[in-house]
Amino acid sequence: MSYRDDEDAWAEDEAAELARLDADLEMAEMDAAGDAIAAARKTGRCLHMSAQGYLPGEDRGIRPGQLRCADRGRGCGAVFQSDEDWYAAMDEAVGL
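When you number the sequence shown by numbering that gives the first Met the number 0, it's gap-free, plus one each residue, and the end is 95.
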């Protein structure tokens with residue numbers, strides 16, 4: 000790196016350090032989410048991590064736009080009115 004009067008000599012180093020800190024924070028958040036999911040699974044609760052949507056010609060008991068819980072082996076069959084409702088149910092089940 001060469002220094003010129005019109006640029007900050009440490010800007011590149013500072014940007015790299017901030018990127019590392021951002022990555023560390025993101026990893027910590029992901030670790031916490033993983034721990035919350037594991038703890039919730041241990042309780043036997045359905046986490047609604049998988050869902051099936053409406054397919055024309057197949058009777059799944061849901062309408063277009065709805066989703067039915069199909070979580071791995073624990074699928075409770077709950078019906079969600081939208082993707083947003085499904086995501087909210089996942090967050091609630093995990094405690095996020």
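The beta carbon of each residue, even a glycine, is placed where N, CA and C say it ideally should be. It should be emphasised that the depicted structure is a prediction, and the values quoted were computed from it without experimental measurement.
Rounded distance between the beta-carbons of residue j and residue i, thought under 8 Å
{"i": "ARG71", "j": "VAL78", "result": "Not really, about 18 Å apart at Cβ, beyond 8 Å."}
{"i": "VAL93", "j": "ALA35", "result": "5 Å"}
Counted within 10 angstroms of its Cβ, other Cβ atoms place residue i as buried (16 or more) or exposed
{"i": "MET26", "result": "exposed"}
{"i": "LEU17", "result": "exposed"}
{"i": "LEU46", "result": "buried"}
From the options, residue whose alpha carbon lies closest to that of residue i
{"i": "ASP84", "options": "ASP58, LEU54, MET48 and ARG59", "result": "MET48"}
{"i": "SER81", "options": "ALA15, TYR53 and GLY43", "result": "TYR53"}
{"i": "GLY76", "options": "ALA31, ASP7 and ARG44", "result": "ARG44"}
Proximity test, Cβ basis, 7 Å: residue i and chain D
{"i": "LEU66", "result": "Considering every chain present, this structure includes no chain D. It has just one protein chain."}
Worksheet item: Are at least three pairs of beta-carbons, each pair with one atom in the region 5–24 and one in the region 57–67, less than 8 Å apart?
Response: no
Item to complete: Note down, one range per segment and in chain order, each alpha helix (DSSP H) of at least 4 residues found wholly within the region 2–61.
Response: 10–41
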